[in-house]
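Trainee:
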Amino acid sequence: MIFSSLFFTFAFLPVTVTLYYLLGKQFRNIVLLTASLFFYAWGEPVLLMYGSILINYYIGRLLGKDTCRALF
4 MIFSSLFFTF AFLPVTVTLY YLLGKQFRNI VLLTASLFFY AWGEPVLLMY
54 GSILINYYIG RLLGKDTCRA LF
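Using the working numbering, read the sequence shown as starting at 4 and increasing by one per residue.
See below:
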């Protein structure tokens with residue numbers, strides 16, 4: 004999906020923005036995460052994307068630990 008496509012402009016974007024504001028502050032991150040995963044899955048291999056997300060998440064968790072900070 005590209006930003007200038009009719010589907011993105013008239014379906015995906017309005018639905019995402021509407022859900023973002025209607026569901027309230029506690030669900031905004033979930034709405035954005037779900038919408039972004041759907042958007043990127045539209046044109047990319049899904050397994051590669053999810054694998055990259057998991058690897059980056061766990062590396063970030065490791066970098067956030069105090070034991071790992073001593074190594075750098």
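In this text, a Cβ means the ideal position worked out from N, Cα and C, and glycines have one as well. In this text, all values refer to a predicted model and were calculated from it rather than measured experimentally.
(1) Note down, in chain order, each residue of its chain lying with its Cβ closer than 6 Å to the Cβ of T19, except the 5 sequence neighbours on either side.
(2) If you draw a straight line from the C-alpha of L22 to the C-alpha of Y61, how long is it?
(3) Distance, Cα to Cα, L26 vs L66?
(4) Does the beta-carbon of V34 have 16 or more other beta-carbons within 10 angstroms, so that it is buried, or is it exposed?
Mentor: In short, the structure shows the following:
(1) A38
(2) 29 Å
(3) 33 Å
(4) buried
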